Amino acid sequence: MAKKIVILTLGLMLSIALAVTPERNGSGADRPDDIPAFSNPRSSESAMPTRMVNELDVPPGTVETPAAPAQGEPPQVLEMSDQGNPAEPRPLWGQDIQVYSGSLRSPSSPGSERMIAYDQTSTGTLFAAFVAPNGDTMRIYRSTDHGSTWSNWNGVVHSGNVLSSPELVVAEGDSSFVFLFLRTSANNGDIYCARFGLTSGSAIFPVKADADTVVNLAACRDNGNPYYLYVTYEYRNGQYNVGLFRSTDYGKNWVSPGTFVVDTRVPPKPDVAVGYNNRVHVSFLDRRMSSVDSAAFRIKRSTDRGGSWEQSRQVGGPTVRVFDGVLGALSGSQTLWLVHVRDMDPFNGKGLGIFYYYTMGNDTVFSYGGDAGIGHLDTDNDEQMPSIATLHNGGAPTVAYAIVPSESLMFTWCSGDTNWTMPIRVNDYRHTGNFAPAAGWKTSGSNNYSTVLYAGVGPLNLWFDSWDNTTGIAEGRTGLSRSLVRVSPNPAQRSAHLSWAKPVSGSAELVIRDITGREVSRLRGATGAVWNCAQVPAGVYLFRFEAEGGSETGTIVVTH
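If you count by mature numbering (1 follows the signal peptide of the UniProt record, and there is no 0), then the sequence shown holds residues -19 to -1, 1 to 541, one letter each, in order.
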């Protein structure tokens, strides 16, 4: 018996010793900025609690010291003087529409800063912004016919400097304006807000013009009346920081809440979105409390329209590198999405993919969307530079992203918190690999459609595409946007009922194909038919309806 006790004791001591041996990224490692994390070997996400951090109670890190600021005049409103690959998936939207013909300015390094932007009015006037080749001019093109034609509308020039990070915010209400936010190379990166009336008038206001080095920015408005504007940005003054400014007077004056986030220890590349009850959320990369060597995302929230801010909360615990986070929010619920790039190569050898965190009815607690990612399957492609947009901050999100190096721009959308459709390719022309696409929406009558704006290879030309070009489904997602055929339910799980008006003579035929063009089913009937879709893979399916007196194309989304 004594011998057994000694053996058990030695075994227990050995197990304790093994349990406390620190690993490089383990919870027992000697790292002052670590937090408890219990790695799950079957996931690229560790199981960890949601944690808050005192933004000021963190040991400082260091980055390069910014150069002395350059002096010069602020930017001015522009005076208007002129108006493949067989392995790639087949585009499923209509022929892309050319917004602008000519060269564009590239970012300083691939994907480093956004160089195009998009937004619309509630009645469907569309706006697209980009940087001209010489770099000191940013132009806005406009479409008043739902994207069919575009023309030069307005712009900003800052002679002798290089402009980047355009953000378009169309705001309607007491005062309706198109706001163009931009970064200029003056003073190592000053931020300005150009304001244009929808019919006439323009002005430009400084948001942040000082010696700090600014390299990224994001902007949005809330849904109040009057509405407020928000700009978040990454700045460097010896360390990596996140800042924020708010305007309550339509962009004229900007006020900062003071110290926002100091020393993230990694370039934060922040984003901002307004959601339920005008709560403002800023997401950013942060290594202060990360359980891996790269970084994790954190989100900082204001519940009083930017008047005061809570301490930031950690979003998940990735065990692989994550970056390029973009934030989408709904105004009618507490749903948020943090879409990002995740390097799955160390985990399963699948390379870069688009993944997401989301809320479940509480915008302070986020869940991980799973290792299948938004594309539902791990990919050997390099999926990068995501963009997310919700319809007037109230509708389902459009997400677009690029496959690099390649020529595909992919699109997906989500109904609910997690029901992402299988991504499809939307571009007819080759995109340039260092430009992030701009996801968006457009309104046409009572219907709303997802859109994508992208730059052609070169970079040359700016292209626009929307879901209604051939196979549009309206924002409600309850049925087809055209009148000939109704699909219920859509999305469908086990079966979908398709109904139509009785033809004058004969019967109608409806052919369903998958995204590769392969025929899946052929249905006939006088007034409708039922498609049994229980055995087909989840994804987007195309149909074409033919009957005497008319034809129609559309899509059916299948979920399981």
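Glycine included, each C-beta is placed from N, C-alpha and C at the ideal position.
Note that the structure is predicted; figures quoted are calculated from it, not measured.
Between Phe111 and Ile97, the gap from beta carbon to beta carbon is short of 7 Å. Residue state for His373 is assigned as helix, using DSSP reduced to three classes. Bridge pairing for Lys189: Ile172 [DSSP].
Partner residues in the beta bridge of Glu490, as assigned by DSSP, are Arg505, Glu527. In this structure, the CA atom of His541 is about 10 Å from the CA atom of Cys514. Counting along the chain, Phe241 sits inside no alpha helix (DSSP H), nor does DSSP assign it H or E at all. Secondary structure note for Asp326: its alpha helix (DSSP H) is the uninterrupted segment 326 to 329. Residue burial annotation: Ala417 is buried, with at least 16 other C-beta atoms found within 10 angstroms of its C-beta. For Asn234, the three-state secondary structure derived from DSSP is coil. In the three-state reduction of the DSSP assignment, Ala482 falls in the coil class, being assigned neither a helical nor a strand state. Distance check between Asp171 and each of Ala152, Gln220, Ser129, Phe226 places Phe226 closest, using alpha-carbon atoms only. Contact between the segment 465 to 477 and the segment 434 to 446 is absent: fewer than 3 CB-CB pairs across the two stretches fall below 8 Å. A check of alpha carbon separations from Arg499 across Phe524, Asp363, Glu490 identifies Phe524 as the nearest.
When DSSP states are grouped into helix, strand and coil, Asp352 belongs to the coil group.
For Glu529, the closest of Gly506, Pro88, Val538 by C-alpha to C-alpha distance is Gly506. Look at Tyr257 here: in three-state DSSP terms it is helix.
DSSP places Ala167 in the helix class (H, G or I) of the three-state scheme. Proximity of the segment 76 to 89 to the segment 336 to 351 falls short of the contact definition, fewer than three beta-carbon pairs being nearer than 8 Å.
The three-state secondary structure of Asp449, taken from DSSP, is helix. Straight-line spacing of the CA atoms in Asp326 and Glu94 works out to 24 Å. Counting of Cβ neighbours within 10 angstroms places Arg86 among the buried residues, the total reaching 16 or more. Tyr337 sits close to Gly350, with the two beta carbons spaced by under 7 Å. In this structure, Asn204 places its C-beta atom within 7 Å of the C-beta atom of Asn259. His321 has its alpha-carbon roughly 27 Å from the corresponding atom of Ile537. For Ser427, the secondary structure class from DSSP, reduced to helix, strand or coil, is coil. Around Thr284, the same chain offers Asn258, Arg260, Glu291 as residues with beta carbons nearer than 8 Å, after the five sequence neighbours per side are excluded. With respect to Leu443, Tyr81 sits close: the two C-beta atoms are nearer than 7 Å. By the neighbour-count criterion, in which a residue is buried when 16 or more other Cβ atoms sit within 10 angstroms of its Cβ, Asn234 is exposed. DSSP places Met270 in the coil class of the three-state scheme, outside both helix and strand. Taking the C-beta atoms as reference points, Ile405 is found nearer than 7 Å to Val521. Excluding the 5 residues flanking it on each side, Ser183 has same chain C-beta neighbours closer than 6 Å at Val58, Phe177, in chain order. C-alpha of Arg120 to C-alpha of Val195: approximately 21 Å in a straight line. For Asp446 against Met366, the beta-carbon gap comes to about 17 Å, at or over 8 Å, which does not count as contact.
Around the Cβ of Gly128, a 10 Å sphere holds 16 or more other Cβ atoms; the residue is buried. Within the DSSP secondary-structure output, Lys281 pairs in a beta bridge with Val263. Taking C-beta atoms under 8 Å as the contact rule, Val301 and Arg279 fail to qualify, at a distance of about 17 Å.
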